[in-house]
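A.B. asks: This structure is in structure tokens; I'll ask about it shortly.
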């Protein structure tokens, strides 16, 4: 199934139990509180499965999945997924590994909140995004990368657990340090290796 940019693939609170396997494009997962505050929880790309929490827990969906670009996805009913995993232990192990990686990433963000200042926290998010979604700048050096996903500053603030004004100041500081360049909804990492060192990111990115 093809979803145009900005279309919802899954909706928070919905009680359906199917999952989606993304085969092309980029999507983001957001959650809204009862007060209306919206937070970006994660980014998903081709090869990722979305909607699995509600399917396995038989609970309403905890977030909304929105296409950032045109997205192609395969709809998989839960009964079919459950049967497939039961017949293929290697697929079950891969599913468990995916869920563990996502939990590890969420735990890392919680640790970052207490362990690092705002500038380092934002740098860590940008460093991990560049590892997962960055691609080399055409005609640029090997260390220059453009994030292959469109995010605004409010969404970056959500990922880093920062207030928007704090995120704006941190981005300006990273720009002055020569680590990133900013343009409208686009971030270029000027030196990926230096950003990783500045952000104290040494382990493999778990996205």
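Residue numbers (the working numbering): 8 to 214. Beta carbons: idealized from backbone N, C-alpha and C, even for Gly.
Starting from the Cα of residue 62, find the closest Cα among 79, 33 and 84 and give me that residue.
C.D. replies: Counting from 1 along the chain shown, the entry for residue 62 is found at position 55. Out of 79, 33 and 84, 84 has the C-alpha closest to the C-alpha of residue 62.
A.B. asks: Between which two residues does the alpha helix (DSSP H) holding residue 157 run?
C.D. replies: Within the chain shown, numbered from 1, the residue matching residue 157 stands at position 150. Looking at the DSSP string, residue 157 is not in any alpha helix (DSSP H), and its letter there is neither H nor E.
A.B. asks: Per DSSP, which residues does residue 143 bridge with? Please list them.
C.D. replies: Stepping through the chain shown from its first residue, residue 143 is reached at position 136. 152, per the DSSP bridge assignment.
A.B. asks: Whole angstroms are fine: how far does the CA of residue 11 sit from the CA of residue 82?
C.D. replies: Here the question's residue 82 lines up with position 75 in the chain shown. Here the question's residue 11 lines up with position 4 in the chain shown. Straight-line Cα distance between these residues: approximately 16 Å.
A.B. asks: Could you check which residue in 51, 173, 159 and 90 has the C-alpha nearest to that of residue 124?
C.D. replies: Counting from one through the chain shown, the residue named residue 124 turns up at place 117. Ranking 51, 173, 159 and 90 by Cα distance to residue 124 puts 173 first.
A.B. asks: Suppose the cutoff is 8 Å on Cβ atoms and the five residues either side in sequence are ignored; what does the same chain contact list for residue 25 look like?
C.D. replies: Position 18 of the chain shown, counted from the first residue, corresponds to residue 25. Counting only Cβ-Cβ distances below 8 Å, and skipping sequence neighbours, we find 58, 62, 82, 83, 84 and 85.
A.B. asks: Pull up the DSSP beta-bridge partners for residue 138, would you.
C.D. replies: Start at 1 with the first residue of the chain shown, and residue 138 comes out as number 131. Answer by DSSP bridge pairing: none, since residue 138 is not bridged.
A.B. asks: Whole angstroms is fine: what's the gap from residue 70's alpha carbon to residue 38's?
C.D. replies: By 1-based counting over the chain shown, the position of residue 70 is 63. By 1-based counting over the chain shown, the position of residue 38 is 31. Rounded to whole angstroms, residue 70 to residue 38 spans 5 Å at the Cα level.
A.B. asks: How would you write the range of the beta strand (DSSP E) that residue 208 sits in, first residue to last?
C.D. replies: Taking the chain shown and counting its residues from 1, one reaches residue 208 at position 201. Element bounds for residue 208: n/a, residue is neither H nor E.
A.B. asks: So within the segment 24-67, which uninterrupted beta strand (DSSP E) runs reach at least 3 residues, ignoring any that extend past its ends?
C.D. replies: Runs of the beta strand (DSSP E) inside the segment 24-67: 26-31, 33-39 and 45-52.
A.B. asks: Could you name the residues of the same chain whose beta carbon sits closer than 8 Å to that of residue 168, not counting the 5 residues immediately before and after it, in chain order?
C.D. replies: The residue labelled residue 168 in the question sits at position 161 within the chain shown. If we look at residue 168 and ignore the five residues flanking it on each side, its Cβ neighbours are 116, 119, 120 and 128.
A.B. asks: With a threshold of 6 Å on Cβ separation, who are the neighbours of residue 36 within its own chain once the five nearest residues in sequence on each side are excluded?
C.D. replies: Translated into the one-based positions of the chain shown, residue 36 becomes position 29. The answer, listed in chain order, is 48, 49, 70 and 72.
A.B. asks: Mind checking whether residue 202 and residue 134 have CB atoms under 7 Å apart?
C.D. replies: In the chain shown, counting from the first residue as 1, residue 202 sits at position 195. In the chain shown, counting from the first residue as 1, residue 134 sits at position 127. Yes; because the gap between Cβ atoms is below 7 Å, this pair is in contact.
A.B. asks: Beta-carbon within less than 7 Å of residue 213's beta-carbon, same chain only, minus the 5 sequence neighbours each way: which residues are those?
C.D. replies: If you number the chain shown from 1, residue 213 lands on position 206. Note that residue 213 has pLDDT 45, beneath the 50 cutoff, so the model's placement of it is unreliable and no number is given.
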